[in-house]
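See below for the structure under consideration.
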Amino acid sequence: MSVLFLKYALKPFLFVFQLLNRIFWSGLNGRTVFQLVLNFWLNFSPVFIWLLMFKNAGIIPKEIRPKIYVALAMHVDDYMFNFVGHPLISTVALVSLVSGAWLIYYVFYRTPTSKKQEHSIEFFKNLSSNAISTQTSETNRRIWRTIKTRGYGPLNCWNLSPPILMALSWFLLNIDYWFKDPINTPKDLLAWTSYVLFHFFVPLFTAIWLYVFHAPGALRLFSFGLGMQNIAGVCTHLLFPNAPPWFIHLYDEDAEATYDLPGYAAGLTRVDMAMGTHLNSNGFHASPIVFGALPSLHSAMAVMAFFFVSYYSRWTTLKLLAASFVALQWWATIYLDHHWRLDLVVGMLYAITSFTLLYCWPRGIKKVDSDFMKARLRFDFKNGSTMGMRVFRNTRLQNFFDPLA
25 MSVLFLKYAL KPFLFVFQLL NRIFWSGLNG RTVFQLVLNF WLNFSPVFIW LLMFKNAGII
85 PKEIRPKIYV ALAMHVDDYM FNFVGHPLIS TVALVSLVSG AWLIYYVFYR TPTSKKQEHS
145 IEFFKNLSSN AISTQTSETN RRIWRTIKTR GYGPLNCWNL SPPILMALSW FLLNIDYWFK
205 DPINTPKDLL AWTSYVLFHF FVPLFTAIWL YVFHAPGALR LFSFGLGMQN IAGVCTHLLF
265 PNAPPWFIHL YDEDAEATYD LPGYAAGLTR VDMAMGTHLN SNGFHASPIV FGALPSLHSA
325 MAVMAFFFVS YYSRWTTLKL LAASFVALQW WATIYLDHHW RLDLVVGMLY AITSFTLLYC
385 WPRGIKKVDS DFMKARLRFD FKNGSTMGMR VFRNTRLQNF FDPLA
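Numbered by the working numbering, the letters in the sequence shown go through residues 25 to 429 in order.
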């Protein structure tokens with residue numbers, strides 16, 4: 025009786041031990057611990073460089089810093105988005121965004137049918153579809169059908185998200201702008217949740233999701249994308265500083281901005297009052313870059329997360345949630361008085377540029393996709409599996425973590 029009791033009492037601990045053991049060896053995936061740590065630092069080095077640049081921006085001597093532009097972004101924003109006040113220029117801005125989106129699509133994202141056929145025929149030139157069907161599992165037959173119809177891209181891939189978002193951005197930002205009034209506590213808390221919490225957790229969970237559910241290399245590219253756009257953003261903040269909306273609303277557009285001015289939490293101060301805390305005020309007061317409104321890295325990071333989710337996720341609901349976060353984050357930055365619509369557009373353009381570079385890079389997204397599918401078709405589990413597939417290998421849960429199942 026005591027042996028039976030001990031067996032069932034230890035069963036949960038045995039399960040946890042086996043799970044942790046699987047996670048450890050699946051994470052290594054044939055590498056040593058040293059190689060794993062080295063890969064982690066190399067893969068996330070662009071993000072670390074950005075954080076290092078941001079945190080140490082304050083050590084730059086004020087005497088050599090460039091002029092701060094106070095009202096420039098405000099006026100450009102008004103001309104670009106105020107159709108009633110400036111119908112001609114705002115129409116030109118709208119047409120430019122739509123035309124630019126079409127150009128990006130045509131040059132970088134359009135995939136001719138002939139190109140896809142040549143690509144798949146080149147790889148399968150010695151095999152027929154019947155031979156593939158008899159030699160592979162149902163999942164691999166699905167992979168074969170996917171390659172024949174659309175190349176090596178993931179299932180349910182929204183690879184046109186960058187040009188589509190760019191074409192719709194003028195309308196979405198004006199809709200967000202209309203909802204900035206009135207100001208009330210529920211909206212304050214919603215904006216704080218998006219601007220502060222989701223700004224940190226959405227990219228983090230996107231990175232974890234890519235590692236657990238998707239091809240080896242997808243997480244590295246996400247890190248490179250975030251790092252590239254954010255490094256470019258910080259460089260822009262330092263070389264071309266622009267005042268945020270709260271500065272003009274506090275001091276007027278004719279006021280002189282200096283680098284001695286501490287940061288300000290703007291609309292987030294209302295959240296501090298509602299919560300009885302000073303966390304937001306203290307955090308922004310110590311910000312090393314006060315005049316970094318243009319571009320908005322809140323916008324860029326939300327958009328980059330959306331691009332990777334819309335590209336890789338096979339679940340439409342998850343794609344729509346990521347798109348909704350972009351719209352929510354844009355609204356939150358406007359509502360909290362931290363950014364102009366112009367800042368958000370430029371942040372989006374930085375993300376589009378970064379993602380497109382990864383999309384067109386010979387060792388980028390397409391290479392990761394093709395290597396993953398080819399590994400699957402030759403039954404190379406090490407290179408053709410996700411972290412989740414390795415942890416739950418030979419169990420019913422393996423297919424749940426398989427992006428091609």
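All C-beta atoms in this analysis are idealised placements derived from N, C-alpha and C, irrespective of residue type, glycine included.
Residues sharing a beta bridge with residue i, DSSP
i: residue 316; result: 266
i: residue 93; result: 266
For residue j and residue i, believed in contact at Cβ under 8 angstroms, the rounded distance
i: residue 267; j: residue 94; result: 5 angstroms
i: residue 256; j: residue 92; result: Rounded, the Cβ-Cβ distance is 19 angstroms, inconsistent with contact.
i: residue 98; j: residue 272; result: 6 angstroms
i: residue 411; j: residue 236; result: 5 angstroms
i: residue 36; j: residue 265; result: With 8 angstroms as the limit, residue 36 and residue 265 do not qualify as a contact, their Cβ atoms being about 56 angstroms apart.
i: residue 340; j: residue 180; result: 7 angstroms
Among the options, nearest to residue i - alpha-carbon criterion
i: residue 287; options: 198, 294, 258, 270; result: 270
i: residue 346; options: 89, 229, 195; result: 229
i: residue 209; options: 251, 292, 183; result: 292
i: residue 317; options: 260, 277, 135; result: 260
i: residue 374; options: 73, 251, 283; result: 251
i: residue 357; options: 421, 232, 219, 299; result: 219
i: residue 355; options: 197, 100, 416; result: 197
i: residue 296; options: 360, 243, 245; result: 360
i: residue 71; options: 246, 344, 303, 275; result: 246
i: residue 284; options: 184, 364, 86, 105; result: 86
i: residue 231; options: 223, 242, 222; result: 242
i: residue 377; options: 331, 105, 73; result: 331
i: residue 199; options: 353, 418, 362; result: 353
i: residue 135; options: 383, 421, 397; result: 383
i: residue 96; options: 387, 305, 398, 276; result: 276
i: residue 396; options: 328, 106, 418, 336; result: 336
Helix, strand or coil at residue i [DSSP, three-state]
i: residue 181; result: coil
i: residue 212; result: helix
i: residue 288; result: coil
i: residue 41; result: helix
i: residue 87; result: helix
i: residue 106; result: coil
i: residue 63; result: helix
i: residue 404; result: coil
i: residue 360; result: coil
i: residue 281; result: coil
i: residue 418; result: coil
i: residue 200; result: helix
i: residue 207; result: coil
i: residue 54; result: coil
i: residue 443; result: With the chain covering only 25 through 429, there is no way to say anything about residue 443.
i: residue 276; result: coil
i: residue 114; result: helix
i: residue 347; result: helix
Proximity below 8 angstroms, CB of residue i to CB of residue j
i: residue 249; j: residue 64; result: no
i: residue 368; j: residue 311; result: no
i: residue 308; j: residue 326; result: no
i: residue 338; j: residue 227; result: no
i: residue 372; j: residue 114; result: no
i: residue 81; j: residue 313; result: yes
i: residue 51; j: residue 60; result: yes
i: residue 416; j: residue 403; result: no
i: residue 365; j: residue 103; result: no
i: residue 343; j: residue 216; result: no
i: residue 390; j: residue 176; result: yes
i: residue 400; j: residue 408; result: yes
i: residue 74; j: residue 304; result: no
i: residue 178; j: residue 133; result: no
i: residue 294; j: residue 212; result: yes
i: residue 362; j: residue 290; result: yes
i: residue 190; j: residue 234; result: no
i: residue 184; j: residue 130; result: no
Residue i: CB within 7 angstroms of a non-hydrogen atom of the ligand ADP
i: residue 112; result: Ligands are entirely absent from the displayed structure, and the ligand ADP is therefore not among its contents.
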